[in-house]
Amino acid sequence: MIFSFFKSVFRGIGQIMLQENALTGLLFLIGIFYGSAWMGFATLLAALVGTSTAYLFKFSPTEIEKGGYGFNAALVGAFGAFFLQMNVWAVFIIGVGAVLATCLHYVFIRIKIPAFTFAFVLISWALVFIVRAFFPSLALQSIAGNASTDNAFLFVVKGFGQVIFQNNLLSCVLFVLAVSISSPIASLYGLLGAALCGFLSWYFSLAAAEEITQGLMSYNAVLCAIAFSGLKTQNVWLALSAVLLSYAIQLIMLRCDMMVLTFPFVLASGLVVFLKDVWQKKNRATLF
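Here the sequence shown is numbered in the working numbering, starting from 56 and rising by one per residue.
Here it is as structure tokens:
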């Protein structure tokens, strides 16, 4: 029972990049702890709370086993550590956020919406609004990433790191390795998606150099590419469509001074899934 529980917890952390693999989740956690012990603690705590919540409310055992109720909670924990000062109130807020994200994701599953990390996005937006409006002293003075002196072209791997708010190179490389262990093709798609959006940003001067080199223009592309990765030609076109659409959404959000998080990935992937289903239904109707 205990082994099964922790396996689900680590799978939940792995599902942050759509990998149902406990080892992948463990490597993600190691990478997070290496970058920030506080963020590692918060991510693990939130994943434990999210998985426990799913058990407590008797959500689908199959989804729990797959880690389906851990990844939104884990991301809330990582973001909470990124946004909040380290204290007991932050721990409490992260715990509550993990419960809410888990329950919200359950609702999305019940109404059959491919929400991906939407629960994390909504809870994090609400967290930022409430803290800034009523408890500003709890927030860090700045949540901007640290400037990077690495080779500019490392944005390809840093896109993986920024999915979980990591900028240091070792953590980023560890994340790529973790995905590769679970699915080499998903890792390849993620790297190509990150490269495409990074080069578009450079070539057309669509973002500041620092944003590009830190992988901030690539992480949504990583998730979109991984979500549709596969060996068929259709997978390539679906992944490319989602990557470019998410990139356009991110640019619009940045121009509007909105907090991006993984919303471009959620919206772009959801639209691609919807259009794919419409196309398939239309083709089936034509056959008859």
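No residue lacks a Cβ here, since even glycine has one placed at the ideal position from N, Cα and C.
Assuming residue i contacts residue j under a Cβ cut-off of 8 Å, what Cβ separation, rounded to an integer in Å, is found between them?
{"i": "GLY125", "j": "ARG66", "result": "7 Å"}
{"i": "ALA129", "j": "ILE71", "result": "6 Å"}
{"i": "GLY359", "j": "ILE119", "result": "The first residue shown for the chain is 56 and the last is 343, placing residue 359 beyond what the model contains."}
{"i": "HIS160", "j": "ALA170", "result": "7 Å"}
{"i": "LEU139", "j": "LEU195", "result": "7 Å"}
{"i": "LEU193", "j": "GLY135", "result": "About 10 Å separates the two Cβ atoms, so there is no contact after all."}
{"i": "LEU18", "j": "ILE240", "result": "No statement about residue 18 is possible, as the shown extent of the chain runs from 56 to 343 and does not include it."}
{"i": "LEU100", "j": "VAL64", "result": "Rounded, the Cβ-Cβ distance is 11 Å, inconsistent with contact."}
Determine the contact status of residue i and residue j, defining contact as a CB-CB distance below 9 Å.
{"i": "LEU209", "j": "LEU224", "result": "yes"}
{"i": "GLY245", "j": "VAL231", "result": "yes"}
{"i": "ILE87", "j": "SER256", "result": "no"}
{"i": "GLY270", "j": "ALA249", "result": "yes"}
{"i": "SER238", "j": "GLN74", "result": "yes"}
{"i": "THR268", "j": "LYS337", "result": "no"}
{"i": "VAL37", "j": "GLY253", "result": "Absent from the model: residue 37. The displayed extent of the chain is 56 to 343, so no value can be given."}
{"i": "GLY80", "j": "GLY122", "result": "yes"}
{"i": "LEU306", "j": "ALA262", "result": "yes"}
{"i": "ALA97", "j": "VAL151", "result": "no"}
Identify, in the order they occur along the chain, each residue of the same chain with its Cβ nearer than 7 Å to the Cβ of residue i, setting aside the five sequence neighbours on each side.
{"i": "ALA297", "result": "CYS279, ALA282, PHE283, ALA323, SER324, VAL327"}
{"i": "THR157", "result": "GLY105, THR108, ALA109, TYR124, ASN127, ALA128"}
{"i": "PHE83", "result": "ILE68, GLY69, ILE71, ILE219, PHE230, ALA233"}
{"i": "ASN201", "result": "Any answer about ASN201 is weak, because its pLDDT of 48 lies below 50 and its placement is not dependable; what the coordinates show is given next. Cβ neighbours of ASN201 beyond the five flanking positions: ASN222."}
Please go through the same chain and pick out, in chain order, the residues whose beta-carbon is closer than 8 Å to the beta-carbon of residue i, but skip the five residues on each side of it.
{"i": "VAL176", "result": "LEU316, THR317, PHE318, VAL321"}
{"i": "ILE168", "result": "GLY325"}
Can you give me the Cβ contacts of residue i inside the same chain, cut-off strictly under 6 Å, excluding the 5 residues immediately before and after it?
{"i": "PHE163", "result": "ALA170"}
Please determine if the stretch 216-226 and the stretch 264-280 are in contact, where contact requires at least 3 C-beta pairs separated by less than 8 Å. yes
Enumerate, from N- to C-terminal direction, the unbroken alpha helix (DSSP H) stretches of 4 or more residues contained entirely within the stretch 87-151. 92-111, 116-121, 126-138
Please specify which runs of the alpha helix (DSSP H), each continuous and at least 4 residues long, are wholly inside the stretch 57-86, giving them in chain order. 57-69
Contained alpha helix (DSSP H) runs [length at least 4] in the stretch 150-197, N- to C-terminal order: 173-189
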